[in-house]
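Report on the following structure.
Residue numbers (the numbering used here): 24 to 259.
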């Protein structure tokens, strides 16, 4: 299920990244990789602090997708405007190509925030939820069947977040597999009827099933989902 979760996380990051392009504030492509990485870390940390303050005023989980988009764009503009190094780069670029470059920067910032900013994880789920669900191609009957499974996964794994953070990824994946197997068993008959009697023997089918369950888990317990993602390999 590791690849399935990685794919879902990537989809959420890509879904949110275009907002940076709309803001049209990004360093030029000529910036060296060390400078880009430093800017990404600075902007990510600044945005995370701003998100934490916003979350104290009103829970981000209550935002609609449109409200999340507005907040995301506004905070990125504020973070960019307060960064002198980034401001220096901004003076060197025009509108042409800004959206594409902005999406590239947004993807990098999003990756860092998904990994290091718990409050930002919820916002990303709001931003990308609809698009990710559409890309998974879930039919209504699938959502009806898989939603309780996703809920059960979050219920079982959320209390273990502190424990899981201390474990290496292979051990986390072993625990995930155990919990998934436990929560699939009560629905084995319905899953077989919907996906075919050999679903549990079909590696590709199980990978797709895992991605759909992960997509449904994401808005409920993003702090759980990111624990099963190898961010160092997320571009592979």
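Beta carbons are placed, not taken as given, at the ideal position from N, Cα and C, and that holds for glycine.
On a predicted model such as this, the values are computed, not experimentally measured, just so you know.
Query raised in the report: Do residue 177 and residue 244 have their CB atoms nearer than 7 Å?
Result: Going by C-beta atoms, residue 177 is nearer than 7 Å to residue 244.
Requested in this report: For residue 4, count neighbouring C-beta atoms within 10 Å of its own C-beta (all shown protein chains included) and say buried if the count is 16 or more, exposed if not.
Outcome: Nothing can be reported for residue 4: it is not among the residues displayed for the chain, which extend from 24 to 259.
Query - Separation of residue 190 from residue 250, as counted between CA atoms - result: If you take the alpha carbons of residue 250 and residue 190, they lie about 10 Å apart.
Query raised in the report: CA-CA distance, residue 61 and residue 69?
Result: In a straight line, the C-alpha of residue 61 is about 12 Å away from that of residue 69.
Query raised in the report: How would you call residue 144, buried or exposed, if buried means at least 16 neighbouring beta carbons within 10 angstroms?
Result: With 16 or more other Cβ atoms inside 10 Å of its own Cβ, residue 144 counts as buried.
Query - Closest by C-alpha distance to residue 216, when choosing among 95, 248, 237, 164 - result: Looking at the Cα atoms, 164 is the closest of the given residues.
Requested in this report: Spatial neighbours of residue 66 within its chain, please: CB distance less than 6 Å, with the 5 preceding and 5 following residues excluded, ordered by chain position.
Outcome: Beyond the five residues adjoining it in sequence on each side, residue 66 comes within less than 6 Å, by CB distance, of 102, 132 in the same chain, given in chain order.
Query raised in the report: Quick one: is the Cβ of residue 146 within less than 6 Å of any heavy atom of the ligand HEM?
Result: With respect to the ligand HEM, the structure shown offers nothing to examine, as it has no ligands at all.
Requested in this report: Give the straight-line distance between the Cα atoms of residue 74 and residue 91, rounded to the nearest whole angstrom.
Outcome: Looking at the backbone, the Cα of residue 74 and that of residue 91 are separated by about 11 Å.
Query raised in the report: According to DSSP, is residue 56 helix, strand or coil?
Result: Here DSSP, grouped into helix, strand and coil, assigns residue 56 to helix.
Query raised in the report: Roughly how far, in whole angstroms, is the beta-carbon of residue 169 from the beta-carbon of residue 235, given that I think they are within contact range, below 8 Å?
Result: About 6 Å separates the beta carbons of residue 169 and residue 235, which is inside the 8 Å limit, making them a contact pair.
Query raised in the report: Between the C-alpha atoms of residue 197 and residue 204, what's the straight-line distance to the nearest angstrom?
Result: Going by C-alpha positions, residue 197 is about 11 Å away from residue 204.
Query raised in the report: Per DSSP, what kind of secondary structure is residue 244 in: helix, strand or coil?
Result: Correct three-state label for residue 244: coil.
Query raised in the report: How would you call residue 142, buried or exposed, if buried means at least 16 neighbouring beta carbons within 10 angstroms?
Result: Buried.
Requested in this report: For residue 239, collect the residues of the same chain with a Cβ closer than 7 Å to its Cβ; drop the 5 residues on either side in sequence, then sort them by chain order.
Outcome: Excluding sequence neighbours, residue 239 sits near 169, 170, 173.
Requested in this report: Helix, strand or coil for residue 189, going by three-state DSSP, please let me know.
Outcome: The answer is coil: DSSP assigns residue 189 none of H, G, I, E or B.
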